[in-house]
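*Asks:* The structure follows.
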Amino acid sequence: MQLRFCAWMLISSFLIMGGMVQGETVWIEGEKPDALPVLKDGTKAKPGKGFVIGAWGNTSIMSGQKVLHVNIPSSQAAALIGDNGLIFGYHFTLSRAGDYNIWLRIGYEWVRSQFDWRIDGGSWHTVSNTTPTVNIQPIQTWNELAWLNVGKIPLKAGKHRLEIRHRAIPGKNTRGKTKPPRILHILDVICVTNERFEPCGKWRPGEDHRNATDRQAEKQIFRLNTKEAADLRCWTELNGLWQYAGWEERKFPIPEETRLAPVKTLPDLNSLRWFGLKLPGGREQRLPHEVFTHRYLLRTRFEVPKAFAGRGFFLDVQRSNFIISVFVNGHFAGWTDTFHTAWQMDLTPWVRAGDVNELVLCVKDAYYSLNPKGDPSAAGLGNRRYWNLPLNFLHSNQGVASKHDYPIAADVRSGILEPASIVVCGPVYTADVFCQPSVKRKELKLDITVFNAGPSAGQIQIENKVIPWNEGKGGAPVLQFPARTLRVPGRGNGTLTVSQSWPNPRLWWPDNPYLYVVETTIRQGTRVIDRKRTRFGFRELDWSSHMIRINGVKWPMWADTNYGKSPQAFVKQSRTLSHQNQIRYWRNGGWAGMTRRECLDFFDET
């Protein structure tokens, strides 16, 4: 029989040590074998008898939109498979000799059948079903495709034959008795290459994967806003297209001492494939085929006007998950494992005014929170054992959710989930003002944290005054704090606590809210270098007994589960009909499209 050549070939060249060295890749579709198995009865296998050529689920991740699928139940294996096994053959031609890696894109992580491979009639090499793959992508639940480097061998120029063999190897059942074998296998692609290959789904080495969205994300530059917001800072929300690239770990098991540790060094960013991703939003919903890529990079650029030279800069993230390392212009700025709430990080030393800057976030997702301790199935694999579990198992499966080291099971989406912003402030700036009003003592106490973004310690003067919020319009000061001096270390925090008596503040009540603003000003000498406004209500809660008191008044609390879709309608109904006066301020999926910060502001004002 004349054999059909079914390989796609890409030949590329690159420079090494000043000389020209040729690299070669052969890409063979798994669903196109040119030599079919011989069955036990001496007939040739054909689609529908021994294997299937087909597709199901998310076919867009399959190379050629189809795969070779072998699924022989134990009741049929002994009758179909002879002593030589089921052998699929693939012929290919190389134009030059070299050491070639053999990559297979296969399916059924952990439950696939053991199989063998060889080239040119040489020795068989066995691939265990416990060998971890890379770049897992879901076809559907419990059906995955992933890449595996099965070996590296020297090959001559010319024609070659690669064979993959499935054998009917009896196993043991839970009682230790011999059971008939089942053959379960998917083959999507064979890649024979002596080039650098970073597996990324169906994309061939050197193939341009980019679509219009990916190209638009490459061009995206956020230009920093020069207009002050209500808090007297210049905020620029980084909402829109970012670039996304998977960057998985390859050495398993992952040491337990590094599993939850930050990443402090970036890879060669040009070696990765970058895709467009709209943020904020969960990566799992925006790029569902990437749900099993558990470490990845988010990248964008922002332009800083020259006028901002000498200013301070920090990153404000309203909500994210899970472990995130921050890099600015290639420099490690810091990391956080703060999840599902707001955090800030100073970027000042690495930001270049009058230039376009690069921001990269390295994200480890919720799967890294799963602790393999005490799990026999994770022996030799560690946390990697769980990397193909359906995402919903991380919050709905009791056995899996109980393995979390962090209490994140309620929402296991990853990445930037609510807006991230670059904030321009002073070189020494107020990082936080914690307002503590006391109705009993008729005073207002402020815990103030100041951050010095510069390398050297410096002395500053801090002034605080209180003005009405007045729906953002402000007003004349109603309380003034004496100025205080504070010495702040370079690249460090300084703290200050100040108190001021206030005999007649207007109180905040749940059914009659009234808000003030603390305006904090930092001076160096006579020069104002930073200002910040912090909103608060003058109120005091007391839960020292069985009754909750607000501003000294007993305040019975009632709750219901009827939230509705409109916050405004909910408030109106609560005040006129149900008299509900408490609510869980956040639920999975949010409320009426509000972020957590917006939700808190809404209840402060309403």
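One gets this note's numbering by counting positions in the sequence shown from 1 and adding 698 to each. The beta-carbon is built from N, C-alpha and C at its ideal position, and this holds for glycine as well.
Under a Cβ-count criterion, where at least 16 other Cβ atoms within 10 Å of its own Cβ denotes burial, should GLY874 be classed as buried or exposed?
*Replies:* The residue in question, GLY874, is exposed, as its Cβ has fewer than 16 Cβ neighbours within 10 Å.
*Asks:* Rounded to whole angstroms, what's the CA-CA distance from PHE1300 to GLY1156? Just pull it up for me.
*Replies:* The alpha-carbon atoms of PHE1300 and GLY1156 are separated by roughly 38 Å.
*Asks:* Could you spell out where the beta strand (DSSP E) holding PRO735 opens and where it closes?
*Replies:* Careful: PRO735 lies outside any beta strand (DSSP E) and carries neither H nor E.
*Asks:* Distance, Cα to Cα, ARG1083 vs ARG1273?
*Replies:* About 52 Å.
*Asks:* If I measure Cβ to Cβ from LYS1138 and keep anything under 8 Å in the same chain, skipping five residues before and after, which residues do I get?
*Replies:* Correct list, in chain order: GLU1238, GLY1250.
*Asks:* Going along the chain, which residues of its own chain have a beta-carbon closer than 7 Å to the beta-carbon of GLY1032, five neighbours each way excluded?
*Replies:* Closer than 7 Å at Cβ, skipping near neighbours: VAL1024, MET1043.
*Asks:* Taking 6 Å as the limit between beta carbons, can you name the residues of its chain near ALA915, skipping five residues before and five after?
*Replies:* Here the set comprises LEU939, GLN941, GLY974.
*Asks:* Less than 7 Å between C-beta atoms, sequence neighbours within five positions excluded: which residues of the same chain meet that for TRP957?
*Replies:* It is Arg, not Trp, that sits at residue 957 in the sequence shown. Excluding sequence neighbours, ARG957 sits near TYR1066, ASN1081.
*Asks:* Starting from PRO836, trace the beta strand (DSSP E) both ways and give me its first and last residue.
*Replies:* PRO836 -> beta strand (DSSP E) spans 832-838.
*Asks:* Let me check understanding here. Comparing Cα to Cα, which of ARG997, ASP1053, GLY1097, LEU970 lies closest to ASP1073?
*Replies:* The candidate whose alpha carbon is nearest that of ASP1073 is GLY1097.
*Asks:* So what's ASN1095 in DSSP terms, helix, strand or just coil?
*Replies:* Note: ASN1095 maps to coil in three-state DSSP.
*Asks:* Determine the contact status of VAL1186 and ILE1227, defining contact as a CB-CB distance below 8 Å.
*Replies:* No. Outside cutoff.
*Asks:* Going by the CB atoms, is the gap between TRP845 and TRP801 shorter than 8 Å?
*Replies:* Yes, Cβ-Cβ distance for TRP801 and TRP845 is below 8 Å.
*Asks:* According to DSSP, LYS850 sits in a beta bridge with which residue or residues?
*Replies:* Beta-bridge pairing links LYS850 to ASN799.
*Asks:* What does DSSP give as the partner residue(s) for VAL1216 in the beta ladder?
*Replies:* The partner list for VAL1216 (beta bridge, DSSP) reads VAL1164, THR1232.
*Asks:* For PRO951, name the three-state secondary structure that DSSP assigns.
*Replies:* DSSP places PRO951 in coil when its eight states are reduced to three.
*Asks:* Taking the alpha-carbon of GLY721 as reference, which of SER772, PRO745, LEU792 has the nearest alpha-carbon?
*Replies:* The residue with the shortest Cα to Cα distance from GLY721 is LEU792.
*Asks:* Report yes or no: do three or more beta-carbon pairs, one from the segment 1129-1145 and one from the segment 1050-1061, lie closer than 8 Å?
*Replies:* With the cut-off at 8 Å, the segment 1129-1145 and the segment 1050-1061 do not touch.
*Asks:* Check for me: the beta strand (DSSP E) holding ASP912 runs from which residue to which?
*Replies:* Element bounds for ASP912: not the beta strand (DSSP E) but the alpha helix (DSSP H), 910-917.
*Asks:* Ignore the nearest five residues each way along the sequence and tell me which others in MET1292's own chain have a CB closer than 6 Å to its CB.
*Replies:* Closer than 6 Å at Cβ, skipping near neighbours: no residue.
*Asks:* Could you tell me the alpha carbon to alpha carbon distance between TYR806 and GLY1028, rounded to whole angstroms?
*Replies:* Distance between the alpha carbons of TYR806 and GLY1028: 38 Å.
*Asks:* What would DSSP say about TRP972, mapped onto helix, strand or coil?
*Replies:* Looking at TRP972 - three-state DSSP - the assignment turns out to be coil, as it is neither helix nor strand.
*Asks:* Is there contact between the segment 856-866 and the segment 781-795, where contact requires at least three CB pairs shorter than 8 Å?
*Replies:* Yes, the segment 856-866 is in contact with the segment 781-795.
*Asks:* Taking Cβ positions, are LEU936 and ALA1118 nearer each other than 8 Å?
*Replies:* Yes.
*Asks:* Report yes or no: do the segment 949-963 and the segment 1008-1024 share at least 3 C-beta pairs separated by less than 8 Å?
*Replies:* Short answer: they touch.
*Asks:* Thinking just about the alpha-carbon of each residue, which of PRO771, HIS883, GLU896 is nearest to the one in ASN833?
*Replies:* Cα-wise, what sits closest to ASN833 is GLU896.
*Asks:* With three or more C-beta pairs closer than 8 Å as the rule, is the segment 816-831 touching the segment 740-751?
*Replies:* No: the two stretches stay apart, fewer than three of their Cβ pairs being nearer than 8 Å.
*Asks:* Closer than 7 Å by C-beta to THR1128: which residues in its own chain qualify, once you throw out the five before and the five after it? Chain order, please.
*Replies:* Counting only Cβ-Cβ distances below 7 Å, and skipping sequence neighbours, we find ILE1146, VAL1148, THR1218, ILE1220, ASP1228, LYS1230.
*Asks:* Under 8 Å between the Cβ atoms of GLY1013 and ILE1120?
*Replies:* Looking at the sequence shown, residue 1013 is not Gly but Leu. It is a contact, given that the beta carbons lie within the stated cut-off.
*Asks:* Let me confirm a value: THR1193 is counted as buried when at least 16 other C-beta atoms fall within 10 Å, else exposed. Which label applies?
*Replies:* THR1193 is exposed by the Cβ-count criterion.
*Asks:* Could you please give the first and the last residue of the uninterrupted alpha helix (DSSP H) stretch that includes ALA776?
*Replies:* Its alpha helix (DSSP H) spans residues 772-778.
*Asks:* Helix, strand or coil: how does DSSP classify SER1018 here?
*Replies:* Correct three-state label for SER1018: strand.
*Asks:* With DSSP as the reference, please indicate the residues paired to TRP845 in a beta bridge.
*Replies:* According to DSSP, TRP845 bridges with ARG803, VAL832.
*Asks:* Do you know how far the Cα of PHE813 is from the Cα of VAL719?
*Replies:* For VAL719, the predicted structure reports a pLDDT of 49, less than 50, and the residue's modelled location is therefore unreliable. A value from the coordinates is still provided. Between VAL719 and PHE813, the C-alpha separation is close to 34 Å.
*Asks:* Kindly list the residues whose CB is nearer than 6 Å to the CB of TRP822, restricted to its own chain and excluding five residues on each side of it in sequence; keep chain order.
*Replies:* For TRP822, where only same-chain residues beyond five positions count, the Cβ hits under 6 Å are ASP814, ARG816.
*Asks:* Does ILE759 come out as helix, strand or coil in the three-state DSSP assignment?
*Replies:* Three-state DSSP puts ILE759 in a helix.
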